[in-house]
Amino acid sequence: MPITVTDLHEIIETGAIVTHFQPQVSLKRKAVIGLEALSRGFDGASGEIIPPSVLFGLASDPETRLALDRVCRTRAAESFAALHRRDKSVMLSMNIDAACISEDTRGSNHLLKLIKRCDISPNNVIIEIIESRCEDMDALLEFVRFYRKKNFLIALDDVGAGFSNLDRIPLLKPDVLKLDRSLISGVNEQFHKLEVARSFVQMANRLGCLVLAEGVETSEETMCLLANGIDVFQGFFFARPAPGLDAVPGMADKVDALAEKHRHNRTRRIAEEKRLFSSYDLTILTMCQGLSETPSRGLNQALTQFIDQHEGVECVYVLDMKGRQVSDTLCDPLKLKKSKRFLYEPARVGADHSLKEYFLPIQAGLEKFTTDPYISLASGNLCTTISRVFYHKCCGRHLILCTDMSREDMACGL
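In structure tokens form, the structure reads like this:
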């Protein structure tokens, strides 16, 4: 029988809330570093667990939402306290309903009093907030400032989801960014998702905060994100939420296996990269030597032959030392995205490349430069551009050979 609002009020009054915990795992440390507290209702009459979507869905008015949020916090802290007495290294990650943070609740210090009563160190508590649910930004900022001064950590939840507001990150200065499942799902197969995740990792590194991937369900997702700078994971792949605080059977072996696989993959990848780029260097050096003897009018023909002879080459073109293109862009026709020709168009003679990543290091004095993988505007594919200076004897000046090498194998960086 469905529960009613009356049932919800009884649950709040009696504290009929069960806390389940889901581990947050660091693969590099090979340890559970945190537990997220997830609340469920308990129907005393039937003995059934009430799922959170039903429980919180009934709390429609502000007073009920606040009362439910507080009883959930209380049960979470009381349940975690026993573990905290045994192990001070594990964090409690606790959700706060941001809709409850307002002028009316300002200064209550309910959470601080609760944590002190349960004898939990604030240093071990992460407050998770979905900032988009808060209607009073001033109250939220004051809440965050107050609890940060008390040594609590602040996490932004559901980062990367549809309603995540990036402008709140510099305002709230979070300690943890929790990437939403919508961004994590299939990240190992979708380059654009991976690039968004990478951008959060790069931003977090600069801001000094931790990135946690939430909702991981496969080893492939985990390995892909680990290879791209994310170390902490939470999701069904490691463990489902459970009421106990005991170690999850088999998880230690799973973590060890993933860590070993990551070490093996990275070692193999580094060796492959070394071999691959040595091959690229030899190929491009040979091409530069050939171009140095080629008359200007024969550059395009020589570049076409270069593509025909080397399978991994997508596009080639030549620049002068000011970044101006002096040859056509010659591309492998089988690798061009014909359906998107209005977006992806090979550059033509006279095009200005002076602000491109592969030109500026050459202008600064390097003889050769290799870019990170990116989506080529010439082909629409994932590629790496290698630029190299050579001396063109026929016209008595230095030129730059730019070669776009296919990098579809790098979609996940494994």
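Each residue of the sequence shown is one higher than the one before, starting from -1 at the first, in our numbering. All residues carry an ideal CB built from backbone N, CA and C; glycine is no exception. Owing to the predicted nature of the structure, the values given are computational and were not obtained by experimental measurement.
- Straight across, the Cα-Cα distance linking His262 with Leu210 is about 23 angstroms.
- The three-state reading of DSSP puts Asn107 in coil, since its state is none of H, G, I, E or B.
- The secondary-structure analysis by DSSP pairs Ile152 across a beta bridge with Ile125.
- Secondary structure of Thr327 (DSSP, three-state): coil.
- The beta carbon of Lys148 sits closer than 7 angstroms to the beta carbons of Leu110, Pro120 from its chain, once the five residues preceding and following it are set aside; these are given in chain order.
- Inter-residue distance for Leu175 and Pro21 is about 16 angstroms (C-alpha atoms, whole angstroms).
- Rounded to the nearest whole angstrom, the CA to CA distance from Leu256 to Met221 is 7 angstroms.
- Straight-line measurement puts the Cα of Tyr145 at about 15 angstroms from the Cα of Cys98.
- Non-local C-beta neighbours of Thr281 in its own chain, meaning closer than 7 angstroms and more than five positions away in sequence, comprise His308, ordered along the chain.
- Rounded to whole angstroms, the separation of the alpha carbons of Leu33 and Val123 is 10 angstroms.
- Beta-bridge partners of Ser276 (DSSP): none assigned.
- Annotation: Lys171 is outside any alpha helix (DSSP H) and is labelled neither H nor E by DSSP.
- For Gln361, no beta strand (DSSP E) run applies; the uninterrupted alpha helix (DSSP H) run containing it begins and ends at 358 to 361, by DSSP.
- In the structure shown, Val30 falls within a strand segment according to DSSP collapsed to helix, strand and coil.
- Rounded to the nearest whole angstrom, the CA to CA distance from Ala250 to Cys132 is 38 angstroms.
- Within the stretch 27 to 89, the alpha helix (DSSP H) runs of at least 4 residues that lie entirely inside it are, in chain order, 50 to 55, 60 to 84.
- Asp370 sits in coil when the DSSP states are folded into three classes, being neither helix nor strand.
- Distance from the CA of Ala43 to the CA of Ser91, rounded to the nearest whole angstrom, comes to 30 angstroms.
- Ranked by how close their Cα comes to the Cα of Phe189, the residues Tyr389, Thr401, Asn379, Cys392 have Asn379 in first place.
- With contact defined as three or more Cβ pairs closer than 8 angstroms, the stretch 53 to 68 and the stretch 211 to 230 are not in contact.
- Within the model, the alpha-carbon separation for Phe78 versus Ile167 is close to 28 angstroms.
- Unbroken alpha helix (DSSP H) runs of no fewer than 4 residues, entirely contained in the stretch 207 to 236, are found at 217 to 225, following chain order.
- When the five nearest sequence neighbours on each side are left out, the beta carbons in the same chain lying within less than 8 angstroms of the beta carbon of Glu140 are those of Arg104, in order along the chain.
- Separation of Ser180 and Lys259 (C-alpha to C-alpha, rounded to the nearest whole angstrom) is 25 angstroms.
- Where Ile182 is concerned, the enclosing alpha helix (DSSP H) starts and stops at 179 to 182.
- Note that the C-beta distance between Pro172 and Cys207 is below 8 angstroms.
- DSSP places Pro21 within a strand segment (E or B) once states are collapsed to three.
- Closest by C-alpha distance to Ile373, out of Leu192, Asn107, Glu8, is Leu192.
- Fewer than three pairs of CB atoms, one per stretch, sit closer than 8 angstroms, so the stretch 348 to 364 makes no contact with the stretch 291 to 298.
- Here the alpha carbon of Val214 sits roughly 10 angstroms from the alpha carbon of Leu177.
- With a contact defined as Cβ atoms closer than 8 angstroms, Thr17 and Ala35 qualify at about 5 angstroms.
- Setting aside the 5 residues that flank it on each side, Ile118 is surrounded in the same chain by Ala75, Phe78, Ala79, His82, Leu90, each with a C-beta closer than 8 angstroms to its C-beta; the list follows chain order.
- Residue environment for Gln287: exposed (fewer than 16 other C-beta atoms within 10 angstroms of its C-beta).
- Rounded to whole angstroms, the separation of the alpha carbons of Val230 and Leu297 is 51 angstroms.
- Taking C-beta separations shorter than 6 angstroms and ignoring five residues to either side along the sequence, the partners of Arg196 in its chain run Asn226, following chain order.
- DSSP assignment within the stretch 233 to 314 yields the following whole alpha helix (DSSP H) runs of 4 residues or more, N-terminal first: 249 to 290, 297 to 307.
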